[in-house]
Each structure stands twice: as structure tokens, then as C-alpha cells.
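For the sequence shown, counting from 1, position 2 maps to 2 in the UniProt record's numbering; every step adds exactly one. Step one of this worksheet: look at the structure below.
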Amino acid sequence: MKKIYYLKTCDTCRRILKEMDTSEFILQEIKTEPITVAQLEELYALTNSYEVLFSRRAKKYKQMDLKNQNLIEKDYKQLILDEYTFLKRPVIISNNELYVGNTKKRVDINI
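Take a look at the structure:
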């Protein structure tokens with residue numbers, strides 16, 4: 001399977017999608033088509049961690065004062081399901097390989 005979870009209002013997501021050939025990928029815009037429990041569990045199966053998929057850069061992270069809370073895997077999962085901005089993006093699945101986030105190291109990978 002080849003799939004990309006992204007946010008169309010995210011400049012970085014737009015830049016990454018523009019730089020790569022997405023013709024073989026299923027694109028899912030997470031604001032208009034939120035990630036499902038089953039989809040999140042598929043991502044978890046590839047990472048063994050919801051925390052890896054969680055974005056601490058989301059504005060709500062600071063607003064909800066999550067930095068000062070002791071979050072566990074169950075919390076990360078629920079937060080991602082409740083609020084699309086908590087999913088680190090883009091998330092790119094290429095066959096059984098998963099690329100999460102937008103660091104230069106991640107973007108340079110040939111997918």
C-alpha cells in the first residue's frame with residue numbers, strides 16, 4: 001500500500017507533495033477526512049508507538065498544557081483521534097515502510 005496522510009493548509013506538506021511523484025499514492029487530507037481508529041492502528045503496527053505519530057508542534061499542545069502532563073500511549077492515541085492537528089505530518093506509507101514528519105532526513109528518502 002502507498003498512502004500519504006497530509007494537511008492541505010500545511011506549507012511543509014504542500015512542498016513535500018510537490019517535490020515527489022504522488023501518482024501511485026492514495027492521498028488523505030486529514031482535516032476533511034479524519035484518520036480512523038483502524039487507520040491509526042495500522043500506523044501503530046508499523047511504529048509500535050503512538051507517541052512517534054504525535055506532534056508536539058500543534059497549537060493545541062500548548063493550549064491544553066499537555067507538556068506538563070504525563071501522557072501514556074493510550075493518551076497519544078486518543079488525542080490524535082480527537083484532534084487532527086496532533087498527527088505528525090506528513091505520514092507516508094510506501095509498501096511496509098513508514099516515514100513520519102518533515103525533517104530534512106525524512107524528505108530526502110527516495111520513496
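Built from N, CA and C at the ideal position, the CB exists for glycine as well.
Residue i, buried or exposed, once every other Cβ within 10 Å from all chains shown has been counted against 16
i	result
Met1	exposed
Ile30	buried
Lys60	exposed
Reduced DSSP category for residue i - H, G, I as helix; E, B as strand; rest coil
i	result
Lys104	Low confidence applies to Lys104: its pLDDT is 49, below 50, so where it sits in the model is not reliable, and the reading given next is rough at best. Helix.
Lys88	coil
Leu79	helix
Leu98	strand
Span of the alpha helix (DSSP H) around residue i
i	result
Lys59	59-63
Continuous alpha helix (DSSP H) assignments of at least 4 residues falling wholly in the region 7-55 = Taking only runs of at least 4 residues, the alpha helix (DSSP H) segments lying wholly in the region 7-55 are 11-19, 37-47.
message = Closer than 8 Å is the cut-off here; do at least three beta carbon pairs connect the region 36-46 with the region 12-21?
response = Between the region 36-46 and the region 12-21 there are fewer than three inter-stretch CB-CB distances shorter than 8 Å, so the stretches are not counted as touching.
key: Stretch pair the region 84-95 + the region 44-53: three plus CB contacts closer than 8 Å   = Taking 8 Å as the limit for Cβ pairs, the verdict is that the region 44-53 does touch the region 84-95.
message = Within 8 Å, do at least three Cβ pairs link the region 1-10 to the region 91-99?
response = Because the criterion of three Cβ pairs below 8 Å is met, the region 91-99 and the region 1-10 touch.
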